[in-house]
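For the sequence shown, this note's numbering assigns the number 1426 to the initial residue and increments by one for each residue that follows.
Glycine included, every Cβ here is placed at the ideal spot set by N, Cα and C.
Computed from a predicted model, the values in this text were never measured in an experiment.
Below is one structure, written out as structure tokens; comments come after it.
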Amino acid sequence: MKHTFASDNYSGVHPDIMEALINANRGHQGSYGADVFTEEAVAKFRALLGNDIEVFFAYNGTGANVMGLSAMTRSFDSIICSDLAHINVDESTAPEKFMGCKLVTIPTTDGKIYPSQVEEKIQRIDDQHHPQARVISISQTTEYATVYSIEEVKALSAVARKHNLFLHMDGSRISNAAASLQADFRAFTRDAGVDVLSFGGTKNGMMFGEAVIFFRPELATTFKYIRKQSMQLHSKMRFISAQFSALLSNELWKKNASHANAMAKLLEAEIRKTSAIITQRVDANGIFMIVPTEVIPKLQEEHFFYVWNDKLSEARLMCSFDTTEEEIRNFGKKLKELLA
């Protein structure tokens, strides 16, 4: 398949990570995480985020999010999130099935939720007839590819602390957020008040694999049982761990994410040369634009992408670690031709 702007999930595996997988394929290692590769990857995460964190690897983002949230909730609790959050829109009914919790959503125009909105949703505490607010969940980057600033995360954490809630971060594109903020991971996660983090790898050059990271170790006491029950305990875990070890070495995460972000900025510049309307601030590796409905299928013939909002004729374009300037220029040329 030719290069597309459909999703950073469409991209292949970065060569350095593929090499790490090949190296991990030599000889025998202990199963279920009892291997040198997992030990090394956990050590790298602790070097970034603190020696007292707990790290657990999982297959995919849905599993990481649902398990992390499960560790903080009971079935009569509720989780406050954006109406665009993956746990609400793109993870089917997995959160409801495995947690039994109610998702309380906040309408958003930029992907973010804000303290005053969250405060409005924290209602009827200690009322047995009402779900009990327990977690605020945010995505970094958001589903609109916007990025929470460090201060914005801290402000949401303050609301969580005020009401004795937890703060969860869905970091499926966390490397893109870090590159955008030009900050280390700790600055906008642990130090900003996040309690549990889903750390994504698949969208930034890995073949598969995510990590669930606990900044409050007491929340992880029973997590090994949650992971097994959730069918996310990988027997040959070294093949997830080896990828993370490579991603976190020599700032490969940063190189990949910075490139994807830079390509999105270049794509933004190309689109702005036309009459297409860009609907969101371009913080990371995604562009959202409105073009005439009849233009979309013609443009998709050469550069496939997804329509985000049919009613608005709004399209989503995602850049990856392997997106090239030539592909961006070709897209811009075609878009200009169609809108002439």
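* Would DSSP call Asp1656 helix, strand or coil? -> Taking the first residue of the sequence shown as position 1, residue 1656 is located at position 231. Sequence inspection shows Met at residue 1656; the Asp mentioned does not correspond to that position. Here Met1656 sits in coil by DSSP.
* Residues near Lys1628 in its chain [Cβ-Cβ closer than 7 Å; skip 5 each side] -> Sequence index remark: in the sequence shown, residue 1628 carries index 203 (1-based). Same-chain partners within the cutoff: Asp1433, Asn1434, Ser1597, Arg1598.
* Asked: How is Asp1595 classed by DSSP in three states: helix, strand or coil?
  -> Here residue 1595 refers to the residue found at position 170 of the sequence shown. Correct three-state label for Asp1595: strand.
* Going by C-alpha distance, which of Thr1704, Leu1658, Val1637, Leu1691 is nearest Val1467? -> Here residue 1467 is taken as the residue at index 42 of the sequence shown, counted from 1. Of Thr1704, Leu1658, Val1637, Leu1691, the residue nearest in Cα terms is Val1637.
* Asked: With distances taken between CB atoms, is the gap from Ile1712 to Leu1692 smaller than 7 Å?
  -> In the sequence shown, counting from the first residue as 1, residue 1712 sits at position 287. In the sequence shown, counting from the first residue as 1, residue 1692 sits at position 267. Closer than 7 Å, so yes.
* Looking at C-beta atoms only, is the number of pairs between the segment 1502-1509 and the segment 1527-1543 that lie closer than 8 Å three or more? -> Flag = yes, the segment 1502-1509 and the segment 1527-1543 touch.
* Spatial distance of His1555 from Thr1699 (CA atoms) -> The residue given as residue 1555 occupies position 130 in the sequence shown. The residue given as residue 1699 occupies position 274 in the sequence shown. Each residue's Cα considered, the two are about 50 Å apart.
* Run through DSSP, which three-state label would Gly1618 get? -> Taking the sequence shown and counting its residues from 1, the one referred to as residue 1618 is at position 193. Of the three classes helix, strand and coil, the one that applies to Gly1618 here is coil, per DSSP.
* Examine the Cβ distances between the segment 1617-1625 and the segment 1584-1596 and report whether three or more of them are shorter than 8 Å. => yes
* Asked: Mapping DSSP to helix, strand and coil, what is Met1714?
  -> Residue 1714 sits at position 289 when you count from the first residue of the sequence shown. Reduced to three states, the DSSP call for Met1714 is strand.
* According to the neighbour-count rule (16 or more other Cβ atoms, all chains shown, within 10 Å of its Cβ), is Lys1427 buried or exposed? -> Here residue 1427 is taken as the residue at index 2 of the sequence shown, counted from 1. Looking at its Cβ environment, which holds fewer than 16 other Cβ atoms inside 10 Å, Lys1427 is exposed.
* Closer than 8 Å by C-beta to Thr1571: which residues in its own chain qualify, once you throw out the five before and the five after it? Chain order, please. => Locating residue 1571 in the sequence shown gives position 146, where the first residue counts as 1. Cβ within range, chain order: Asp1535, Gly1536, Lys1537, Gln1705, Arg1706, Asp1708, Ala1709.
* Could you check how far apart the C-beta atoms of Ser1605 and Phe1523 are, in whole angstroms? I think they sit under 8 Å. => By one-based count along the sequence shown, residue 1605 stands at place 180. By one-based count along the sequence shown, residue 1523 stands at place 98. About 31 Å; that fails the 8 Å criterion.
* To do: With DSSP collapsed to three states, give me the class of Asp1502.
  => Start at 1 with the first residue of the sequence shown, and residue 1502 comes out as number 77. Of the three classes helix, strand and coil, the one that applies to Asp1502 here is strand, per DSSP.
* Take Met1445 as the anchor and find which of Leu1672, Glu1479, Thr1566 has the nearest alpha-carbon. => The residue labelled residue 1445 in the question sits at position 20 within the sequence shown. Reading off the sequence, residue 1445 comes out as Ala, not Met. Taking only the C-alpha atoms, the option nearest Ala1445 is Leu1672.
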